[in-house]
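My numbering puts the first residue of the sequence shown at 121, with every later residue one more than the last. The structure appears right after this line, and notes come after that.
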Amino acid sequence: MIRLNLSNRPEWLDLLPGLRVLVAPLTTALMVSARADPLIDNLSEASSQEDLALAMAKAVARRALLDWEGVGDDDGNLVPVSPAGIDALLEIWPVFEAFQAQYVARGLMLDQEKNASAPSPNGPSVGATAIARPARAPARTAP
C-alpha cells in the first residue's frame, strides 16, 4: 500500500545534533529535475555507484533544501544556504548518510512499495489448495 502524504509544506529534518535542514516535499518533479542536473550529466561512464549516489544526493539537496540551522564558517559565523554550501555540507559523511536515510530513502521506499503485492485474503486464490507434490529429499550419498 502506498501511504500518501498530501501535505505540500516543507519540514525540518534533524540530521545531526545541532544541525537541521528545512526541505521541500520530495516530489516527482523534484526528482526528475535532479536527474537532469548537469553534475550528473557530466559523470563519465566509468563513474562508480558511489560517485553517482553523491552526485544525485547533491542534486536533490540543491533543489530541496530551503534553509538550515547549525551551519557556520571557520569563524563560527552562520552561513546562508547556497548551492556551494549544500555541496560542501553533503561532503561530510554523517550528513550525507543522514540526508540519504531521512529524505532520499523516502522516495525509494515509495518506489519499493508500489512494486510489491500483498496476498489478498479475499481474492481469487482464497481457499485454494496446493496441488503440487512436495519436493523430494536429496538422494543419500554412500558412506
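Heads up, the beta-carbon is just placed ideally off N, CA and C, and yes, glycines get one too.
Asked                                                                                                                                    : Found
Using the three-state DSSP reduction, which class does Arg140 fall into: helix, strand or coil?                                          : strand
Going by DSSP, what residues sit across from Asp134 in a beta bridge?                                                                    : Arg140
So, with DSSP's three-state summary, where would you put Gly190?                                                                         : coil
Check Leu163 in the structure and name its three-state DSSP category.                                                                    : coil
May I have the straight-line CA-CA distance separating Ser237 from Asp195, to the nearest angstrom?                                      : Low per-residue confidence applies at Ser237: pLDDT is 46, beneath 50, and the placement is therefore not dependable, though the value from the model is reported in the following sentence. About 53 Å.
Taking all protein chains shown into account, decide if Trp188 is buried (16 or more other Cβ within 10 angstroms of its Cβ) or exposed. : buried
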